[in-house]
Each structure stands twice: as C-alpha cells, then as structure tokens.
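Asker:
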Amino acid sequence: MRNGAVTGWLLLLPAAALLVLFTHWPIVGSVWDSFYSTPKGSRPPVFIGLDNYQAMVADEVFWKSLWNNLWFALGTIPVSIALALAMALWVNSTMRGRTWLRMAFFTPTVLPMIAVANIWLFFYTPQYGLLEKLTTALGFGTHNWLGSESTALACVIVVAIWKEAGFFMIFYLAALQSIPPSLSEAAALEGASRGYYLRRIVLPLLMPTTLFILVNAVINAVRMVDHIIVMTKGGPNNATSLLLFHVYQVGFSFWDTGYAAALTVVLLVVLAVAALGQFVFLDKKVHYQ
Amino acid sequence: MSSIHLESVAKLWGEARALDAISFDTEPGSFVVLLGPSGCGKSTTLRLIAGLDTPSSGRIRIGEKDVTNLPPAERGLSMVFQSYALFPHLSVAENIVFGLRVRKVSTAERERRLARVTDLLGLGHLLERRPSQLSGGQQQRVALGRALIAEQPICLMDEPLSNLDAQLRGDMRREIRALQQRLAITMVYVTHDQVEAMTMADRIILLREGRIEQVGTPDELYEKPRTTFTASFIGAPPMNLIPLEHAGDGWRFAGTDSRAPVNVTSADGLVLGVRPEDLVLDDRGPLAATVVSVEFHGADSLVAARVGEANLLIRVPRHAHFEAGARVRASWAAHHQHLFDARSGLRRDG
Chain A
3 MRNGAVTGWL
13 LLLPAAALLV
23 LFTHWPIVGS
33 VWDSFYSTPK
43 GSRPPVFIGL
53 DNYQAMVADE
63 VFWKSLWNNL
73 WFALGTIPVS
83 IALALAMALW
93 VNSTMRGRTW
103 LRMAFFTPTV
113 LPMIAVANIW
123 LFFYTPQYGL
133 LEKLTTALGF
143 GTHNWLGSES
153 TALACVIVVA
163 IWKEAGFFMI
173 FYLAALQSIP
183 PSLSEAAALE
193 GASRGYYLRR
203 IVLPLLMPTT
213 LFILVNAVIN
223 AVRMVDHIIV
233 MTKGGPNNAT
243 SLLLFHVYQV
253 GFSFWDTGYA
263 AALTVVLLVV
273 LAVAALGQFV
283 FLDKKVHYQ
Chain B
504 MSSIHLESVA
514 KLWGEARALD
524 AISFDTEPGS
534 FVVLLGPSGC
544 GKSTTLRLIA
554 GLDTPSSGRI
564 RIGEKDVTNL
574 PPAERGLSMV
584 FQSYALFPHL
594 SVAENIVFGL
604 RVRKVSTAER
614 ERRLARVTDL
624 LGLGHLLERR
634 PSQLSGGQQQ
644 RVALGRALIA
654 EQPICLMDEP
664 LSNLDAQLRG
674 DMRREIRALQ
684 QRLAITMVYV
694 THDQVEAMTM
704 ADRIILLREG
714 RIEQVGTPDE
724 LYEKPRTTFT
734 ASFIGAPPMN
744 LIPLEHAGDG
754 WRFAGTDSRA
764 PVNVTSADGL
774 VLGVRPEDLV
784 LDDRGPLAAT
794 VVSVEFHGAD
804 SLVAARVGEA
814 NLLIRVPRHA
824 HFEAGARVRA
834 SWAAHHQHLF
844 DARSGLRRDG
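Here is the structure:
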C-alpha cells in the first residue's frame, strides 16, 4: 500500500513539477509583486501595500478595458457558440461535400493569428478594403471601420467570432457523432418533430460539451490580445483596449511591472470567478454519460 | 389489432440488393418472427415496416392503409431497438412517457398508463433512475415499457434479447410472448436465434440473402423443411445432411460402402437429412460412422462422428462414452427421413 502511494506520487511528479514551475509559482509571484513598487535601476522594489490597487481604481484606461472586455465577451461568446452548434448540426447531416464543408468551417482555426488579423485588416481598410468596396457599391458612404470609436470594437468582435466558431464546431461535431442514430429513430417513431428532438434530446446530451466550450470561450475572451496588437493597438482612444492588452501595455511598453502584476491579479480573479460560477451553476444541469 | 402486408418489397443500397421483392402477410394479433443469418435482410424488412427506411419498390400496407410513404409516427406501431435506444439523460419514467409527452396526452392519462405499464413490467422501484444505473435486463424492460405504453396495435422488435445473458434471455422470451398474447398485439420480431423463433413464434419467416426461404409455423419448419438451408438453420443442433451417391440401382452414403435405405430415382445427387435427435444407436442400423468426439450436455450427449466426407451428430440420452475413432451404427424411423435434391437443395417427397 505504502509503496503504491510513493509510486503514484512519483508518476505525478513530472506533470506537477511543470505545473508548479510555469503556472502556480508565477501566480504566487504576481500576487506577491502586486504589493510591491516597480523596481527602477538601482532602486529595489519596496512594499507599498494596496497602492497599486488604489492606482487601478483611479485608472480610466483600466475601467475602459474592463467594460470593453465585458462587451467583447458578451458579443463573442453567445454568437460563436450558437454558430458552432448550427454549423455542427449542418455538417453532421448526410449530404454531398460535407467533408469539404467541415474543412472550410475549421480553416480559420488552423490559420495563424497574425495572418488572420492581417487578412481582416485588409477587409476593414478605408477606401479600398473589401468591406468599403461592398458598401460603396451598394450606395452607402465610406466609413473608417477600425478607425472610429463607435465601430472598432464590433469589428474586432466579428474577427474573434469568425476564428472561434469553427474551433468550437469540432467539439460539437464530435459530441453529435457520439449520439447513437437509434435515438433519433426512436424519437421519430414516437412522433417527435426535429425541433422537439433537438430541444429535448440533442441539446441536453450536448450540455457537457457546451459547458466545456463555454469555459474555453470565457477564457479566450479574457486573454484576447494578439488581434488587438495587430489590428488596432487598443485604439482609437482605447476603444478596443481589452484587459490583457492593457496589462501588456503597462507591463511591457511602460515597464511598470508592479502595477502590471496588480492588473494581472484582477484578471485572474475575474477568470476564476467566471469559471467557478459556470461549474457551480451549470454542472447541476449537465448530464454526463 | 392490425395486419401487415408486404407486396414485392425490395430495397437496394446502391447496387447491393438487401431485399429482393419479398411478399408476406401477417395475421392480426399474431407473433411473427423474421429469422435468418446476418445480412439476410431481416432488419431491413423491419425498418421498412417501421418507416425508418423507404423501399426501393413495392407496397407496404398496415390493415387497409397503404403506409409505404407515411412517416414512422403515422403507422400506428411501436418499436424496441436492439440497443434499446433509451434517452440517457432522462429518468426511466420520462423515457417511458416520452411519446405521450410528444403527443400531448393529458397528465392524468399519462400517469394512469405509466402506472399500468410499470405494474405490467415490475418497474415501479426504478422510475427515478437513469438508464446508466440499470442492468441490461432492466434497460430492456424500460424499452419494452416505452413500446407498450403507446398502446399501438403493432410492436416491432429488433433482436431485443441479443445483449442479455442466457438465463435472462430465457425469462424474457417467455415474458414477451405472454405479454403479446395478453395484450393481443401484432408482433414482428427479428432474430438470428432459431431457439427464440421456435419458442415464441406463431409463424416464422425464414430469410436468406434478401429472399424468403420458407414461411410456416415452427412445427412446419421443423418437420418439413422445404430446403437444405431451412434444414440446416432450424433445430439445435440442426439437421444432419449426408450426401448420397449412386450405387448400382440404389444409393450409398457418399465416400462409404454402406448402402442408404432410399429408393427414389434422381439423375442428380440426393442429400439425406436426419435430425440428431431422430438418430438411434443401433448395431444393425444402415449408417456406419466413426466417432470424433462426445459433448456432454447433462440430459443428453452429442456424439460427433464422420460418415465419408460428411459430419454427423447423434443425440444420445445421458452421458455417452465413446473413444475417438470408435465405430458406431445408427438407424432412424422412416418418417424422420428427409430427402433433398443435391443440386437445387429443394425437398423431395416420395
């Protein structure tokens, strides 16, 4: 028995060591650093208590980024999940060319982020971008989509949805294919319409997948930074600044590492609360096979 | 009660012919078994009756109504799937009343029918459970309950007992048959197990490669198999089939010197059929065989032996003791002898 426990811990050791080194220790480090001032030249960091957090309360860009991130999450998560489900249901049906269609839906996921951002940058370009050509051809006026505060965030949201939906579709597709066809036949024999079958049988059976996707979507929404860097750099006037982008700016553009650590801690708390909430509230409603 | 009529129903999957223009009628309230080896088209036939697939040609009628192009729900039937097809996230009770909810049956009526079915099947203590918390036999009962609560005149079953152990299979066989008779349902039951067919059926439809080989009562298929295929499919173990060859003006067992007691003329060869249980060890019998092995079953033993090129089984009461290689002789009553044409495999009478 004793021996078994030792072997067990030894087997866990490599994974645990990596997790501690690259995940848990940095978290502890960030929390620690957030209570210290930023070291400058010969001046070592000094303990300043909650000063960094007080600065945050007064930081307008932080609040703007927080709100932006909230809108970004609300804009991307429900739409990308709904789209993913719709696409999965579509390509799961028996029809010609569905392999091609599956590949087409999944392609955005395979493309590198930088390339994707650059493609969309071209779509949104004023005057000769694809979107502009389309709107002027239809007789609408020109508009600087990424350059105006009112539309920039929405543009970034569209790119994120386009990139995420195909990825989530794969999970839904896998889950749909694990539902035996005899269930739909049994439902058909009882006179259930396709809608009724979808609502009462398919969606509940997809709930574990939905929960998994939801957690991933929330994490993705909060850690979005690469599109922003390539497409807008947070502008115009911080209209597309998201939390992690703000952290990145403070930490690696302004080198205010103490404050960046405090911002990171807030980001972590937001994520932890969101994930915890999802698991506590949704887990009860999820049926695991 | 409803009758089912198939008229030249065929089903093609691309080029492959799953069903080759089969026709049959079932009596209302009867228990019909579709029997055959895998790939014979029995499940396809059932799915066509259910409306889960559509025939490539031919008509299907239920009662007086042509249902060939009707959706499954409008055919007035229920079905039990081989895999049970229970909804894993719903409780036993919700699984059973699923169809009633779809059809918006009133709560009071739903409760009344649920109580009746759970009573009938002894599911009362399981109603709150999920299918994954049930044993195979219990799941099978729930599937049966879901089929019965619809109170449809026809119930289709696709190998419902194939996932159960032998003991339970025997119990469920009797139970399903009793339920069918009590509720006077027309039952179409698919199986590859001839024991199920023999014990449960009013009529057996034996299928082979998409065609009907023989239709009849279990007695008819057992006593008068129309072909060597039927003979070798019905009975456990099936009938011994021993090829005969010409010997002067009579016949002998192929590959031996023993003459066969057969006086039928035929240009082609003949095949003699005798069931293992109809053979009697008899030192003066016409059939000489060499023992290969003995299988002891308790009440009886099966002696495996060889006659020329043919294999032979003899059923002997209690435990028979023979060494491998021992010579035995056997005889049979004249009315237990079956003759088949060697080329066509068809029964020859007289």
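From first to last, the protein sequence lines stand for chains A and B. Take our numbering: the last position of the first sequence gets the number 291, and nothing is skipped along the way. Take our numbering: the last position of the second sequence gets the number 853, and nothing is skipped along the way. Ideal Cβ positions, reconstructed from N, Cα and C, are used throughout, including at glycine.
On the three-state DSSP scale, how would you describe Gln670/B?
Answerer: Three-state result, Gln670/B: helix.
Asker: Using a Cβ cut-off of 9 Å, pull out every chain A residue sitting near Val765/B, in sequence order please.
Answerer: Residues of chain A passing the Cβ test: none, with the nearest at roughly 51 Å.
Asker: Just grab the DSSP bridge partners of Cys658/B for me.
Answerer: Ser581/B, Met690/B
Asker: What did DSSP end up calling Ser195/A once you bin it into helix, strand or coil?
Answerer: Ser195/A falls in the coil class under three-state DSSP.
Asker: Using a cut-off of 7 Å between C-beta atoms, extract the partners of Ser184/A located in chain B.
Answerer: Phe584, Ser586, Ala588
Asker: Roughly how far, in whole angstroms, is the beta-carbon of Thr79/A from the beta-carbon of Leu270/A, given that I think they are within contact range, below 8 Å?
Answerer: This sequence places Ile at residue 79/A; Thr is not what is there. About 19 Å separates the two Cβ atoms, so there is no contact after all.
Asker: Beta carbon of Gly625/B, beta carbon of Leu671/B: below 7 Å?
Answerer: Taking 7 Å as the Cβ cut-off, Gly625/B and Leu671/B do not qualify as a contacting pair.
Asker: May I ask you to list, following chain order, the residues of the stretch 599–610 of chain B that have a beta carbon less than 9 Å from some beta carbon of chain A?
Answerer: Phe601, Gly602, Leu603, Arg604, Val605, Arg606
Asker: Kindly list the residues whose CB is nearer than 7 Å to the CB of Arg562/B, restricted to its own chain and excluding five residues on each side of it in sequence; keep chain order.
Answerer: Glu510, Asp569, Thr571
Asker: For Thr768/B, which three-state DSSP category applies?
Answerer: Residue state, collapsed to three classes: coil.
Asker: Would Leu551/B pass as an interface residue toward chain A - the criterion being a Cβ-Cβ separation below 7 Å?
Answerer: no
Asker: With 7 Å as the threshold, decide whether the Cβ of Gly299/A is near any Cβ in chain B.
Answerer: Residue 299/A lies beyond the range of chain A shown here (3 to 291); nothing can be said about it.
Asker: Within 10 Å of its beta-carbon, does Ile221/A have 16 or more other beta-carbons around it, so buried, or fewer, so exposed?
Answerer: exposed
Asker: Of the residues Val783/B, Asp696/B, Gly788/B, Gly811/B, which one's Cα is nearest the Cα of Ser804/B?
Answerer: Val783/B
Asker: Would you report the Cα separation of Ser506/B and Pro656/B, rounded to the nearest angstrom?
Answerer: 9 Å
Asker: Write down every uninterrupted run of the alpha helix (DSSP H) in the stretch 6–67 of chain A whose length is 4 residues or greater and which is fully enclosed by it, in chain order.
Answerer: 27–35, 53–60
Asker: Hey, would you say Ser184/A sits closer than 7 Å to Ser586/B, going by beta carbons?
Answerer: yes
Asker: How would you list, in chain order, the residues of chain B whose beta-carbon sits under 7 Å from the beta-carbon of Tyr198/A?
Answerer: Val605
Asker: Classify Leu573/B as helix, strand or coil using the three-state DSSP reduction.
Answerer: coil
Asker: In angstroms with no decimal places, state the Cα-to-Cα distance between Glu678/B and Met742/B.
Answerer: Straight through space, the alpha carbons of Met742/B and Glu678/B are spaced by roughly 29 Å.
Asker: Compare the C-beta of Ala17/A against all C-beta atoms of chain B and say whether one is closer than 7 Å.
Answerer: no
Asker: By Cβ distance below 7 Å, which residues in the same chain neighbour Thr702/B in space, the five residues on each side in sequence not counted?
Answerer: The residues are Arg676.
Asker: Check each candidate in Gly43/A, Glu166/A, Tyr126/A, Ala194/A and name the one with the smallest Cα separation from Val314/A.
Answerer: There is no way to answer for residue 314/A, as the model of chain A reaches only from 3 to 291.
Asker: Please specify which runs of the beta strand (DSSP E), each continuous and at least 3 residues long, are wholly inside the stretch 758–842 of chain B, giving them in chain order.
Answerer: 773–777, 790–799, 803–810, 813–820, 830–834
Asker: To be precise: take each residue of the stretch 214–227 of chain A, compare its Cβ to all Cβ atoms of chain B, and keep it if any distance is under 7 Å. Which residues remain?
Answerer: none
Asker: Beta carbon of Ile50/A, beta carbon of Ser39/A: below 7 Å?
Answerer: yes
Asker: Give, in chain order, every unbroken run of the alpha helix (DSSP H) that is at least 4 residues long and sits entirely within the stretch 191–274 of chain A.
Answerer: 196–199, 205–224, 228–233, 245–250
Asker: Closest to Ser761/B by CA distance: which of Arg778/B, His800/B, Arg809/B, Arg711/B is it?
Answerer: Arg809/B
Asker: Taking 7 Å as the threshold (beta carbon to beta carbon), is Ala576/B in contact with chain A?
Answerer: yes
Asker: Just to confirm, does Gly236/A get its C-beta within under 6 Å of one of the non-hydrogen atoms of the ligand MN?
Answerer: Looking for the ligand MN in the displayed structure turns up nothing, as the structure carries no ligands at all.
Asker: For the beta strand (DSSP E) containing Pro746/B, list its first residue and its last residue.
Answerer: In this chain, the beta strand (DSSP E) harbouring Pro746/B covers 743–750.
Asker: Do the CB positions of Gly554/B and Thr731/B come within less than 7 Å of each other?
Answerer: no
Asker: In chain order, which alpha helix (DSSP H) runs of at least 4 residues are fully inside the stretch 685–737 of chain B?
Answerer: 697–703, 721–726, 731–736
Asker: Could you compute how far the alpha carbon of Arg615/B sits from the alpha carbon of Ala190/A?
Answerer: 24 Å
Asker: Going by DSSP, which residues form a beta bridge with His508/B?
Answerer: For His508/B, which the question treats as bridged, DSSP gives the partners Asp528/B, Arg564/B.
Asker: Val536/B by DSSP, collapsed to three states: which one?
Answerer: strand
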